[in-house]
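**Q**
In the numbering used here, the protein residues as written are 69 to 275.
(1) Taking a contact to mean a Cβ-Cβ separation below 8 Å, would you say residue 129 touches residue 271 in this structure?
(2) Starting from residue 270, follow the alpha helix (DSSP H) in both directions and report where the run begins and ends.
(3) With three or more C-beta pairs closer than 8 Å as the rule, is the segment 221-231 touching the segment 250-267?
(4) Buried or exposed, going by whether 16 or more other CB atoms sit within 10 Å of the CB of residue 97?
(5) Starting from the C-beta of residue 204, find all residues in its chain whose C-beta is less than 6 Å away, skip the five residues before and the five after it, and write them out in chain order.
(6) For residue 178, count neighbouring Cβ atoms within 10 angstroms of its own Cβ and tell me buried if that reaches 16, exposed if not.
(7) Under the DSSP definition of a beta bridge, which residues are partnered with residue 123?
(8) Hey, is the segment 105-114 in contact with the segment 208-215, meaning 3+ C-beta pairs nearer than 8 Å?
(9) Using the Cα positions of residue 232 and residue 258, report the straight-line distance between them to the nearest angstrom.
(10) Are the CB atoms of residue 214 and residue 72 nearer to each other than 8 Å?
(11) Could you check whether residue 112 and residue 151 sit closer than 8 Å to each other, using their CB atoms as the reference points?
(12) Would you mind sorting residue 185 into buried or exposed? The rule is 16 or more other CB atoms within 10 Å of its CB.
(13) To the nearest angstrom, report how far apart residue 79 and residue 156 are at their CA atoms.
(14) Could you pull the start and end residues of the alpha helix (DSSP H) that residue 143 belongs to?
(15) Using the beta-carbon count (16 or more within 10 Å), is residue 269 buried or exposed?
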């Protein structure tokens with residue numbers, strides 16, 4: 069189970085991707101340095117992934133800033149807060165319920181580091197409000213897993229459309245199949261595609 073820890077890991081992954089996929093070899097020289105995007109693990113990081121569901125990167129940053137400022141990245145504080153308290157900080161009613169469900173789940177975050185990725189995804193998606201995309205983003209950024217992809221991500225779908233000159237964005241299932249040959253560095257492929265998206269669209273596709 070490979071874990072990304074440094075730019076050297078990304079360089080190794082990109083070298084592999086350039087060998088197995090000519091389109092990556094074509095775009096990589098023109099991209100800026102690919103960011104590591106590693107984040108701390110734990111409740112706050114997973115709450116951040118929930119906040120980022122189906123909102124712009126700017127909105128997610130703003131909401132997380134308010135939650136953090138109010139101490140709501142602590143599960144005990146979230147448990148004590150009312151749904152209205154959380155909504156006042158920018159969460160929708162649905163996401164406020166998800167935040168409280170996450171706090172109540174009392175996940176063993178350190179143990180997740182030792183689990184196979186498929187078990188991490190299964191355990192996280194058992195929590196109300198955490199879908200596969202959220203679990204994959206957490207595994208990718210907070211656990212540093214090298215071979216995770218998030219094909220449900222709209223920015224990755226759009227990047228795939230542009231990079232591979234497709235007529236339409238590939239859907240989740242099609243993009244997941246497309247990414248299979250990029251193993252064992254699918255997380256690096258995702259980072260490359262987000263960087264390509266940011267360069268092409270002049271905006272970030274992921275928080």
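From the three backbone atoms N, C-alpha and C, an ideal C-beta is built for every residue, glycine too.
**A** Taking the structure as given:
(1) no
(2) Note, residue 270: premise wrong, no alpha helix (DSSP H); not H, not E.
(3) yes
(4) exposed
(5) 216, 218
(6) exposed
(7) Beta-bridge pairing links residue 123 to no other residue.
(8) yes
(9) 14 Å
(10) yes
(11) In this structure, the beta-carbon distance from residue 151 to residue 112 does not fall below 8 Å.
(12) buried
(13) 43 Å
(14) Its alpha helix (DSSP H) spans residues 143-148.
(15) exposed
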